[in-house]
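Encoded as structure tokens, the structure appears first; notes follow it.
In the working numbering, the protein residues as written are 71 to 681.
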């Protein structure tokens, strides 16, 4: 990692490298291989006309920005050739301006001119100045990896512009990713599935050298697209110099013309990819240009990326729990694997465990990923780790024992069996019949404006405050919000549930246009369902920092009340982005939650009509 103020560090964007030329109102976009790609990004071409310059030559990356703020190559592929509002041109260099060649000027000077140009009034918001930090490379890299970015690019501040590779620009990746040539595929035994994996390689000295196979990261559209491209490329003989015998079985060989972008953790000693995941096809690079990336132009990932478990012989281990099938994709829409999920929980465990341990829990398990069969579980099953504990609960719905965890080993034991959601009962093991919280789940009707939901959260908070309760805010990772008031555990379920219902009924009486306490769907149109039923025996709520079995791997996240106003989505964080929030936090958003002492008073009961 280059250090010192002589280096500028910027985010690495996951898109297409584009050189843009402006000559009056004429705009031309060039791919990194020199192809005219102006028609591929019509909105970017139009946006470049807004620059206050007669002529300019710019270098940058066109990328698709997800709601989380992360760029995503596969989404860009899906929306290429269309003016999708999430596509942006991240500009990181200025080569010429109004007839002046700037390539001989130091990078820092070029950047200053670029910043001035792109910040001028009237410049389209499709154009984004790719900002940087000077020095502090290690800290910036750690933040980038925690945020789920691909990595960073470090550049010498005094470097002159040059095309091609060099020592002045260093790509430093959190997870490695390269281009590979597709030389064939393995047939699938599943009906309707065109292939099970792709056979990959790189050209070295004119020969296609086998690099391994990739069988994860595909969605339904990928299978259809790839199958249609494979048919005209089929051939009888292998294009590879050599392929291991097991991989030749059931192989269909292809002319080596297609290039795939693949993420992976490392190379094995025998030159094979470890834990590869398909990201998309590359159309901006010729197959013959694809060579294995060597480490002389790219520094190795740092320890802060937490890749150590994947480098051990055999399956990785977390908290004493061995993770089998670590490359199984649990969130196919973003390529998040079982190993990625374990790394997420490794990052959040110190924050999450106080809310999760020594409490009865209910689980949503999706062993093959959220998009396939999932099931709800409260009791032990064969094959579960001993780190997942059992406890009998007198008077429960079943005579079977219920589940809980007592440390991080239990948390990773849940990951091992494909748990994507962890819900707790609202009681601790020490007070099994005395709830230690009131929780109001504000569940909005589909399409209800976020501003209404945010206003409702404030109303519930203020209503509880009038009753003498301090409350805390949580994004559930779904479309709703939770308002949670801690309780001193001394009142039983039969006292807490009726009180929660009385509060919900009072809210409905005050604002019948906004709220309903009736769970029937027909009564919820255009309203927010105040779900008080989570305050009954056996009722549960999503645990802070748990993932959800939903697209994008959203997570339940405690929020400060002062964050509510600026909230852009009900589920603002994912397993990719939340670790960065935790690293940047100066204080716990639920500071004081565990030290708050409050109970349901006679005065509060009377205030909501409980005699």
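The beta carbon of each residue, even a glycine, is placed where N, CA and C say it ideally should be. Just so it is clear, the structure is predicted and the values come from calculations on it, not from any experiment.
Item: Give me, in chain order, the residues of the same chain whose beta-carbon lies closer than 8 Å to that of residue 188; leave out the 5 immediate sequence neighbours on both sides.; Value: 121, 161, 197, 198, 199
Item: What number of angstroms, rounded off, separates the C-alpha of residue 350 from the C-alpha of residue 317?; Value: 22 Å
Item: Assign residue 253 to one of two classes, buried (16 or more other C-beta atoms within 10 Å of its C-beta) or exposed (fewer than that).; Value: buried
Item: Relative to the alpha-carbon of residue 287, which residue among 278, 305, 135, 267 has its alpha-carbon at the smallest distance?; Value: 267
Item: Residue 295 by DSSP, collapsed to three states: which one?; Value: helix
Item: Looking at the secondary structure, which residues open and close the alpha helix (DSSP H) in which residue 112 lies?; Value: 112 to 118
Item: Taking residue 221 as the reference, give the member of 229, 240, 231, 232 with the closest Cα.; Value: 240
Item: What residue range does the beta strand (DSSP E) around residue 130 cover?; Value: 125 to 134
Item: With a threshold of 7 Å on Cβ separation, who are the neighbours of residue 663 within its own chain once the five nearest residues in sequence on each side are excluded?; Value: 542, 556
Item: What span of residues does the alpha helix (DSSP H) with residue 143 cover, start to end?; Value: 143 to 148
Item: Are there three or more Cβ pairs, one per stretch, closer than 8 Å when the segment 104 to 112 is compared with the segment 141 to 159?; Value: yes
Item: Please report how far the alpha carbon of residue 181 lies from the alpha carbon of residue 269, in whole angstroms.; Value: 42 Å
Item: What residue range is occupied by the uninterrupted alpha helix (DSSP H) comprising residue 573?; Value: 563 to 580
Item: Note down the Cα distance separating residue 322 from residue 300, rounded to an integer number of angstroms.; Value: 9 Å
Item: Do you know offhand how far residue 370's Cα is from residue 565's?; Value: Unreliable placement is indicated for residue 370, whose pLDDT of 30 sits below 50; no coordinate value is reported for it.
Item: At the level of alpha carbons, what is the spacing between residue 486 and residue 392?; Value: 8 Å
Item: Can you give me the start and stop residues for the alpha helix (DSSP H) that residue 421 sits inside?; Value: 408 to 426
Item: Flag this pair as yes or no: are the beta carbons of residue 332 and residue 247 separated by less than 8 Å?; Value: yes
Item: The beta strand (DSSP E) spanning residue 447 covers which residue range?; Value: 445 to 447
Item: Checking 8 Å against the spacing of the C-beta atoms, do residue 250 and residue 361 come in under that value?; Value: no
Item: Report the option in 551, 549, 512, 508 whose CA atom is closest to the CA atom of residue 537.; Value: 508
Item: Taking just the CA atoms, how far does residue 546 sit from residue 526?; Value: 15 Å
Item: If residue 406 sits next to residue 580, beta carbons under 8 Å apart, how far is it from one beta carbon to the other, in whole angstroms?; Value: Not a contact, Cβ separation roughly 42 Å.
Item: Bridge partners for residue 539 per DSSP, in chain order?; Value: Answer is none; residue 539 lacks a bridge partner.
Item: According to DSSP, is residue 212 part of a helix, a strand, or is it coil?; Value: helix
Item: Counting only runs of 4+ residues fully inside the segment 282 to 342, write out the alpha helix (DSSP H) ranges in chain order.; Value: 290 to 300, 315 to 318
Item: If residue 99 and residue 115 are in contact, beta carbons under 8 Å, what's the gap, nearest whole angstrom?; Value: 6 Å
Item: Rounded to the nearest angstrom, what separates residue 80 and residue 425 at their Cα positions?; Value: 36 Å
Item: By Cβ distance, which residues of its chain are closer than 7 Å to residue 419, with the 5 residues on each side in sequence left out?; Value: 478, 481
Item: Among residues of its own chain, excluding the 5 on either side of residue 385, which ones have a beta-carbon nearer than 7 Å to its beta-carbon?; Value: 392, 393, 394, 396
Item: Using only the alpha-carbon positions, how far apart do residue 130 and residue 75 sit?; Value: 23 Å
Item: Straight-line CA distance for residue 433 to residue 552?; Value: 19 Å
Item: Give the range of the beta strand (DSSP E) segment to which residue 479 is assigned.; Value: Not the beta strand (DSSP E): residue 479 falls in the alpha helix (DSSP H), residues 478 to 486.
Item: Could you give the DSSP three-state label for residue 652: helix, strand or coil?; Value: helix
Item: Could you pull out every residue in the same chain whose Cβ sits closer than 7 Å to the Cβ of residue 365, ignoring the five residues on either side in sequence?; Value: The pLDDT assigned to residue 365 is 42, lower than 50, so where the model puts this residue is not dependable; a value taken from the coordinates is nonetheless given after this. Closer than 7 Å at the Cβ level, and outside the excluded window around residue 365, lies no residue.
Item: For residue 657, which option in 137, 456, 628, 667 has the closest C-alpha, if you only look at C-alpha atoms?; Value: 628
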